[in-house]
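Enquirer:
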Amino acid sequence: MKTLPLDDEAADLALAGGKGASLARLARAGLPVPGGFHVTTDAYRDFVSRDGLHDQIMEAVSGMPPEQASMRIAALFSGREIPAETAAEIRAAHARLGEDVPVAVRSSATAEDLPDMSFAGQQDTYLNIRGDGLLDAVRRCWASLWTARAIAYRAANGVPQDDVTLAVVVQELVAADAAGILFTANPVTGARDQIVINASWGLGEAVVGGQVTPDTVTVARTGGGKGGNTGNTGIGDIVEEHVGDKTVMTVRTPGGTREEPVPEDLRRRAVLDPAQVVRLARLATEIEDLYGTPMDVEWVRREGTFLVVQARPITRLRQQVEEWNDSLTGDYLWTGANLGEAIPDVMTPCTWSLVQIFIGEAMSTSALPGFNMVGNIGGRFYMNLSVVFSVARALGMRRRLGAVEQVFGRLPRDLDVPLLPASRWRIVKSVLPLAFTLRRRIAANTRRMPGFLATTRRRCEELRGRIAVTATPGELAGLWEAELLPYFVEACQTLEAAGRQGGNTLVMTRARLREMVGERDAEAILTGANADGELASLGTIVGLERLAAKEIDRETFARLYGHRGAHEFEVSIPRPGEDPRWIDAQLAAVAESRGHTGALLDRQREAREAAWRHFGERYPRKVAGTRLRVARWNAIVRDRESARSEVIRAFWALRSFVLRAGELTGHGEDLFFLSIQEILAVLRGDDAPTAKVAVRRATYERYAALPAYPTLIVGRFDPERWAADPGRRGDIFDARGGGAPVSDTVTGFPGAPGVVEGVVRVIAGPEDGDRLAPGEILVTTLTNIGWTPMFPRAAAVVTDMGAPLSHASIVARELGIPAVVGTGNATMRLRDGDRIRVDGERGTVELLER
0 MKTLPLDDEA ADLALAGGKG ASLARLARAG LPVPGGFHVT TDAYRDFVSR DGLHDQIMEA
60 VSGMPPEQAS MRIAALFSGR EIPAETAAEI RAAHARLGED VPVAVRSSAT AEDLPDMSFA
120 GQQDTYLNIR GDGLLDAVRR CWASLWTARA IAYRAANGVP QDDVTLAVVV QELVAADAAG
180 ILFTANPVTG ARDQIVINAS WGLGEAVVGG QVTPDTVTVA RTGGGKGGNT GNTGIGDIVE
240 EHVGDKTVMT VRTPGGTREE PVPEDLRRRA VLDPAQVVRL ARLATEIEDL YGTPMDVEWV
300 RREGTFLVVQ ARPITRLRQQ VEEWNDSLTG DYLWTGANLG EAIPDVMTPC TWSLVQIFIG
360 EAMSTSALPG FNMVGNIGGR FYMNLSVVFS VARALGMRRR LGAVEQVFGR LPRDLDVPLL
420 PASRWRIVKS VLPLAFTLRR RIAANTRRMP GFLATTRRRC EELRGRIAVT ATPGELAGLW
480 EAELLPYFVE ACQTLEAAGR QGGNTLVMTR ARLREMVGER DAEAILTGAN ADGELASLGT
540 IVGLERLAAK EIDRETFARL YGHRGAHEFE VSIPRPGEDP RWIDAQLAAV AESRGHTGAL
600 LDRQREAREA AWRHFGERYP RKVAGTRLRV ARWNAIVRDR ESARSEVIRA FWALRSFVLR
660 AGELTGHGED LFFLSIQEIL AVLRGDDAPT AKVAVRRATY ERYAALPAYP TLIVGRFDPE
720 RWAADPGRRG DIFDARGGGA PVSDTVTGFP GAPGVVEGVV RVIAGPEDGD RLAPGEILVT
780 TLTNIGWTPM FPRAAAVVTD MGAPLSHASI VARELGIPAV VGTGNATMRL RDGDRIRVDG
840 ERGTVELLER
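Numbering that gives the first Met the number 0 puts the first residue of the sequence shown at 0, with every later residue one more than the last.
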C-alpha cells in the first residue's frame, strides 16, 4: 500500500515517518486531529528506485557540498512524474476526505523527532493544496528530504544518508482563526509543573516560522503527572501572561497562503480567554499522558474548537531543577563566614539534611521561632545575621554587637543591617525562655564532655565497623535510630557546650590582653593552646610529620587524623583517610619542609615566653590571675577544636551509613541526593524518594558549576544572575542597590602578628596546594582544616573571609605566621607574582610590586 488512513495501526515510524506516526497515535487515542491520510515510505522508495534515481542522489550527496547536492537533487525530482499507481492511490485517498477538500501536505521523515534529536522544520510543508497540485506538493516534500540543511544535519549527527526515507502526511486544512504551539513543560526553565502556550491569529505558520511575536501564557499544573508520569495532573492558575503585538498572520488564499497585517483591533488583544487556556492546557496534559513525556504540540482553533496538527517529544529539554534558595524567604543579612568556612562547598541534599540536624543540636537555642538562623542559598551554607542583630537590639545589647565581628568577620561600616519583621516584645518573649534552657543544657553537656571526648574515637570506629557488616536495609535503619543518631546528637551537643563554656571568655580575654600589651604580645601569649600537642586544628600537620618520620603507619594516621579535610562536612566526598592519593600528595609536601612545623612551634614558644616576660615587667601583680585566664582561654580553644574534630569524625560514620544504605538498596551513591529522612524511608521499603534523584543531581550540578558566592548577601539573591554579571563582587551582594565600591586597598583583621614581604600565590582550593612554594604568601578566599598542611610552607596568609577566631587566625597564631583575615577583596586585588608586605599586627596588605 502506498497510502494509509491517518489512524491506521500500521502507520508506524518506518511507514509513516515521525510526524505521521505521532498523528496516527493521537487519532487512535480519540484526540481531536484533522482528518487525512499517509503517503507511505513505500511510495517514496518506489519513486527513487526507478531509473537509478537513488544512486544519483547518493552520488550527489557523497561528491558535492550540501548546497550543490541539494540543487542537483531538486532538479532530479522535478523532472520525474509520480508513478501512475501511486498517483491513483493518492487521488482516491484525497477524494475520501470530501470534494476537492483543501489540505496541508507535510513531510514526515523516518529520522524525524528521535529522542535525542529534532529534525523539526528541515523538510517542507505546503498549505491550502487542491486538485492536481496535491501530487506536485507530495513530490516537493520528497525532494525536501535532501535540502542542504537536512543533508548537513544528518551528517553532523551520524545519520546514514542512504537509510533515510520520507513519508507525507496529508490532512484537511482547518480554516483556523487562531493557532499556535504549546509545551507541556517550560522549555526555558525545564519546569515540568508548567505548561507554556503560544498563540496568534490565523494559521499557525507565522508562529512556527517566527514571523510574529505571539501571546505567551504560562499555566501552573497541580497534582501528579508533572513530566508525564501519571494521569492525575490538574490545571492550576495562569501564573504569567504576555500579550504580544501580533503584526502579521497567515491566511488562506485561492492559490495557497500569504502573510497579511493583523487588523488593528486584534493586534494587542489576547487570542485566548482564560477558559480557553484551561481547555487547551487540559488537552495538552492528555497528550503528555499518552506519550509519557513532555511534548511540543502544534494546535489550531476553529470556531472555538481546538485541534492538534502535530505533537512530538520536546528534545533537549533543560533538565528540571529545584530551587535551593533561602534568601527568598525575606530581606535578611546572610553571611558565609565562620561555619560557612568549614562548609565551603555546594552541599548535596544528604549533607544539608545532616547539617540541619547538626545546627539544631549545636546551636539549639540560637534560632528564633518563625525565622531561620541558617539557610541554604544556592546549595551553600549561610547564617542569618539579621536574627543576631534583631535579638541584640531587642535585649538592649547593641554595644556587644562588636563581638559579632570577632566571630563572623567585619561588616562594611555603612551597611544598614535589615532587621526581622518582628516586634521587640515578640523577640524578648521568645528568647528569654531559650536563654534559661541554654544555661542548663550547657552545664549538663559540659559535665559530660570529658567522658565523650575520651571515648568518641572508639565509638566511631565500632559504629563504622558495625555499619559495614549490617546485612539488611531494615537492620541498618534500626542501627541509625538506636545508636548512630544518638551518637551524632551527642557529638553536636558536646560542640555546643565546648564553644559556649565560659560565656564570652574567648572574645573578652583577647580584647583585654590587646588593651594591656598590644596586638603582638597579646597574640603570642594566647598561642599556648597547642603547648601539649593537643590542638586538633594542628592534628593533620602533626600526624603527617609523624607519618613521614615513620613514627606511625598509614593505618594509624587514617584512624587518628583521616576524618579531617577541606570538605569534611560533605558526606559524598571521600575522607582523606579513604584516599591514598591525598596522603601521598601531602607526604610529598611535608618532605619539602621536613621539621619546619616543629621549628615554627619552637619559635612561637620563644615568642610566647618573651611576651610573658614583658607582661610581668609591666603588670607584676597581674601575672598569676592573667595566666589563669589565659589557661582557661586555651582550654576552651582546645575543647572547642577537639569537639569540632569529633563532630567531623561522626560525619565520617554518617558517610559510611549512606554508602552502606546505597549498597543494601542497590541505589549506590544516588542516595547522597536524598535527605537522611528520605534515605531512611528507602531503607524501610519506600522507593518513591528515589524518583527525585535526577532532579536533585541536576540542581546540585547547576549550583556547583557557579563560582563561590559573596561572603555577605543582603536580600533576595539569584546565584545564576549574579554569576553572569561581569561586575560581580565576591565580598558583598546587596539587593537594595548601592553599596560601597570595592576598596583599592587590602585590609582586614589582624589574624596573627608579624610583618613579612613576599610573592603572592593565589590558591582557589586546597587541591591546588602544590602550587604554593615554600616562602610564598598564601592568598585565598577562606581556609579550613584541609588547608592546614600548606601553612608551614607559607610566609604569611591573607584571606577574603575570616575573623580573629577563624581557622586561619588560630593556626597562623600557633605557628607564628603573619596573617590578615577577612579582607573581603584580597583575591580580587592581588595576583600571582605580586610582591606584597603583610602586616598581621595592623591587618594591612601593601602592594610593593606588580
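Where is the CB? At the ideal position from N, CA and C, for every residue including glycine.
Measuring alpha carbon to alpha carbon, tell me which residue in T445, A704, A166 is nearest A642.
Expert: T445
Enquirer: Rounded to whole angstroms, what is the Cα-Cα separation between R553 and R602?
Expert: 29 Å
Enquirer: Along the chain, where does the beta strand (DSSP E) containing A341 start, and where does it finish?
Expert: Note, A341: premise wrong, no beta strand (DSSP E); alpha helix (DSSP H) at 338-341.
Enquirer: Where does Y486 sit, in a helix, a strand or coil, going by DSSP?
Expert: Here Y486 carries a helix assignment [DSSP, helix/strand/coil].
Enquirer: State yes or no: is the C-beta of N38 within less than 8 Å of the C-beta of A136?
Expert: As written in the sequence, residue 38 is Val, which differs from the Asn given in the question. Not in contact: V38 and A136 (Cβ atoms no closer than 8 Å).
Enquirer: What is the C-beta distance between V570 and F671, in whole angstroms, given that I count them as a contact (C-beta under 8 Å)?
Expert: About 7 Å separates the CB atoms of V570 and F671; that is less than 8 Å, so the two are in contact.
Enquirer: Within the continuous beta strand (DSSP E) that includes A103, where are the two ends?
Expert: 102-108
Enquirer: Are at least three pairs of beta-carbons, each pair with one atom in the segment 828-837 and one in the segment 751-761, less than 8 Å apart?
Expert: yes
Enquirer: To which residues of the same chain is A341 closer than 6 Å at the C-beta, ignoring the five residues directly before and after it?
Expert: Only N783 meet the Cβ criterion.
Enquirer: Name, in chain order, the residues that DSSP records as bridge partners for H37.
Expert: Answer is L3, V168.
Enquirer: Could you name the residues of the same chain whose beta carbon sits closer than 6 Å to that of G124, not counting the 5 residues immediately before and after it, in chain order?
Expert: It should be pointed out that residue 124 corresponds to Thr in this sequence rather than to Gly. Hits under 6 Å: R105.
Enquirer: Taking T526 as part of the beta strand (DSSP E), name the residues at either end of that continuous run.
Expert: Element bounds for T526: n/a, residue is neither H nor E.
Enquirer: For a test of the three-state rule: what should DSSP assign to S742, helix, strand or coil?
Expert: Secondary structure of S742 (DSSP, three-state): coil.
Enquirer: State the CB to CB distance for the pair V844 and V761, rounded to an integer number of angstroms; the pair is presumed to be in contact (CB under 8 Å).
Expert: With a Cβ gap of about 13 Å, V844 and V761 do not count as contacting.
Enquirer: For R49 and I180, I'd like the C-alpha separation in whole angstroms.
Expert: 39 Å
Enquirer: Can you give me the start and stop residues for the beta strand (DSSP E) that N383 sits inside?
Expert: 379-383
Enquirer: Extract the residue ranges of the alpha helix (DSSP H) inside the segment 655-710, only unbroken runs of 4 or more that lie entirely within it.
Expert: 675-682, 692-703
Enquirer: Does the beta-carbon of P186, which I'm using as the reference point, lie nearer than 7 Å to any heavy atom of the ligand SAH?
Expert: With respect to the ligand SAH, the structure shown offers nothing to examine, as it has no ligands at all.
Enquirer: Tell me where the beta strand (DSSP E) around Q193 begins and ends.
Expert: 193-200
Enquirer: Once DSSP output is grouped into helix, strand and coil, what is the label at F748?
Expert: strand
Enquirer: Tell me whether A393 is buried or exposed, calling it buried when 16 or more other Cβ atoms sit within 10 Å of its Cβ.
Expert: buried
Enquirer: For W786, name the three-state secondary structure that DSSP assigns.
Expert: helix
Enquirer: Tell me whether the beta-carbon of A751 lies closer than 8 Å to the beta-carbon of E775.
Expert: no
Enquirer: Put H562 into one of helix, strand or coil per three-state DSSP.
Expert: coil
Enquirer: Can you tell me whether T625 is buried or exposed, with buried defined as 16 or more other CB within 10 angstroms of its CB?
Expert: buried
Enquirer: Leaving out five residues before and five after F305 in sequence, what residues of the same chain have Cβ atoms less than 7 Å from its Cβ?
Expert: P31, R278, L279, L282, W298
Enquirer: List the whole-angstrom C-beta distance separating I524 from R607, where the pair is believed to meet the contact cut-off of C-beta under 8 Å.
Expert: 6 Å
Enquirer: Tell me the residue span of the beta strand (DSSP E) that contains D295.
Expert: First-last of the beta strand (DSSP E) with D295: 294-301.
Enquirer: Three Cβ pairs or more, each shorter than 8 Å: is that satisfied between the segment 767-774 and the segment 581-591?
Expert: Because the criterion of three Cβ pairs below 8 Å is met, the segment 767-774 and the segment 581-591 touch.
Enquirer: Would you please state the rounded distance, in angstroms, between the beta carbons of Q318 and G189? I believe it to be under 8 Å.
Expert: 6 Å
Enquirer: Rounded to whole angstroms, how far is the Cβ of Y702 from the Cβ of G378, which I believe are closer than 8 Å?
Expert: 4 Å
Enquirer: Under the rule that 16 or more other beta-carbon atoms within 10 Å means buried, what is G753, buried or exposed?
Expert: buried
Enquirer: What are the complete alpha helix (DSSP H) segments, minimum 4 residues, inside the segment 21-79?
Expert: 40-48, 52-62, 65-77
Enquirer: Could you give the residue range of the beta strand (DSSP E) that holds N127?
Expert: 124-128
Enquirer: Would you identify the three-state DSSP class for K225, choosing helix, strand or coil?
Expert: Residue confidence for K225 is low, a pLDDT of 41 falling below 50, so the modelled location carries little weight and cannot support an answer.
Enquirer: Can you pull the DSSP bridge partners for G260?
Expert: Going by the sequence as given, residue 260 is Pro instead of Gly. Per DSSP, V247.
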